[in-house]
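Trainee: Handing you a structure now.
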Amino acid sequence: MLHIDIHSFSYKKGGIPKDESGNGGGFTFDCRGILNPGRVEEYKIQTGNDIGVQEYLETKTEMPQFLELVKNLVSINIDNYLGRGFENLQINFGCTGGQHRSVYSAIKIAHFIEKKYGDQVEVSLHHDEQHQLNHK
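One gets the working numbering by counting positions in the sequence shown from 1 and adding 68 to each.
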C-alpha cells in the first residue's frame with residue numbers, strides 16, 4: 069500500500085515539512101506565484117477550505133492551470149511507485165502563511181489522488197498551520 073502524506077505549510081513560519089518516512093522528501097510546490105486571496109479583506113480570516121477563497125482561486129488566479137500541472141507530475145510518480153511497490157510519497161504545498169493557497173492545493177490534490185487511485189493508496193492530509201482542518 070502506498071501511503072501519501074500531503075502537507076500545506078507556511079514558508080514564513082514552519083518551512084518545508086520534514087519527511088518522517090525516511091525517504092528524504094518528495095514533491096514541494098511553491099504556491100506563492102499564485103495571487104493571494106489573503107490580501108482581499110473578506111478572505112483574510114478564511115482558509116483555502118472556505119468556498120469564497122476557493123471560488124476566488126478558481127476564477128481570478130492561475131491556480132487551475134497550476135494544479136493541472138501538479139496532477140500530471142505527481143501521477144507519474146504515483147504510477148511508478150505503485151508499480152515498484154514503494155510505500156511512501158510526500159507532497160507539500162507552501163505559501164506565505166499556510167492558510168489560503170497551500171491549504172486549497174493540498175485539499176484539491178488529496179481529492180484528485182483519492183478519486184484516481186482509490187484503495188491503491190492511503191492519503192493523509194496535514195495542514196501544518198491550520199490544525200483544525202487536519203484529517204486521517
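A virtual CB, placed ideally from N, CA and C, is assigned to each residue, including glycine.
#1: Check whether the Cβ atoms of Gly106 and Lys112 sit closer than 7 Å, and answer yes or no.
#2: Which of the three DSSP states is assigned to Gly96 in this structure?
#3: Mapping the DSSP letters down to three states, classify Asn156 as helix, strand or coil.
#4: Please confirm whether Phe77 and Asp196 have their CB atoms less than 7 Å apart.
#5: Would you list, in sequence order, the uninterrupted beta strand (DSSP E) runs of no fewer than 3 residues that lie entirely inside the region 107 to 177?
#6: Alpha carbon to alpha carbon, how far is Asp87 from His194?
#7: Nearest-angstrom Cα distance between His75 and Leu150?
#8: Could you spell out the range, first to last residue, of the beta strand (DSSP E) harbouring Ser192?
#9: Between which two residues does the beta strand (DSSP E) carrying Leu103 extend?
Mentor: Quick look at the numbers:
#1: yes
#2: Going by the sequence as given, residue 96 is Thr instead of Gly. Thr96 falls in the strand class under three-state DSSP.
#3: strand
#4: yes
#5: 156 to 163
#6: 12 Å
#7: 21 Å
#8: 189 to 195
#9: Taken as a continuous stretch (DSSP letters only), Leu103 belongs to no beta strand (DSSP E), as it is neither H nor E.
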